[in-house]
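Here is the structure we will look at.
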Amino acid sequence: MTLPMTMALRTIDGRPQLCLSPEKQYTALVADRPALSFDGLRLSSERHLLPDHARGQVLDIDMSMHMHDADRAGLFVRATADGQISTCIVYDMKKHELRIDRSRSGLTDFSPKFSHEHAVSMPAPNGEISLHVIIDRNSVEVLSQNGSIVITDLIFPPVEADRIIAFSENGMTEFRHMKITRLDQKPE
1 MTLPMTMALR TIDGRPQLCL SPEKQYTALV ADRPALSFDG LRLSSERHLL PDHARGQVLD
61 IDMSMHMHDA DRAGLFVRAT ADGQISTCIV YDMKKHELRI DRSRSGLTDF SPKFSHEHAV
121 SMPAPNGEIS LHVIIDRNSV EVLSQNGSIV ITDLIFPPVE ADRIIAFSEN GMTEFRHMKI
181 TRLDQKPE
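To convert, note that position 44 of the sequence shown is 44 in the UniProt record's numbering; the numbers rise steadily by one, no gaps.
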């Protein structure tokens, strides 16, 4: 965990679960900044580089996607324009798994103990996935299912890796809602 979080115990499916959410000060900071919306983006076995005005090293992304028949879908963040360097946030429909893959995220070979992937089992009823992604210069945090699922990873990308690429593999995914707030700019 890199961002200050509020912890709460909630009952989910009849069981108590620890849930995390960003502190109120962070939420207020995000609300104070202009946001970009990319709603209704439909991808069929393809990648889509988001426009230049969605570039940034420090971002807050609130998104939901519906995987119609795709095997895997998600975002490459802190990516170079050619996608050679990126951190992959992906949902795998066959494995019912949310994963961060940082094997191509920049500097990764400094220690044999540096794990490239972290995954968590996560159901996606009817192919619906909602994610809150928080990207900092050297970290990625992904929250889902009201904060009951959280993955946090350190990354070491080059400065020019500031792009976002949406993707869908082996089928169609609709990115129903994607709100991107750039936090590395001063508010207007």
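Note that beta-carbon positions come from the ideal geometry of N, C-alpha and C, so glycine has one too.
Predicted model, so just to flag it, every value in this text is computed and none were measured.
Residue i - containing alpha helix (DSSP H), residue span
| i | result |
| --- | --- |
| V30 | 24-31 |
Cross-strand partners of residue i (DSSP beta bridge)
| i | result |
| --- | --- |
| Q84 | Q84 pairs with nothing; no bridge assigned. |
| L50 | None, per the DSSP bridge assignment. |
| G14 | Answer by DSSP bridge pairing: none, since G14 is not bridged. |
Distance, residue j Cα to residue i Cα
| i | j | result |
| --- | --- | --- |
| D32 | Q25 | 11 angstroms |
| T173 | M65 | 7 angstroms |
| R102 | A73 | 16 angstroms |
| Q84 | E160 | 12 angstroms |
| F38 | L75 | 13 angstroms |
| M5 | F167 | 29 angstroms |
Where the beta strand (DSSP E) through residue i begins and ends
| i | result |
| --- | --- |
| S144 | 139-144 |
| S168 | 163-182 |
| F38 | First-last for F38: undefined, no H or E at that position. |
Beta-carbon proximity of residue i to residue j, cut-off 8 angstroms
| i | j | result |
| --- | --- | --- |
| T80 | R163 | yes |
| V133 | V77 | yes |
| D60 | I100 | no |
| K179 | A70 | no |
| S130 | E97 | no |
| E169 | S45 | yes |
| L20 | G147 | yes |
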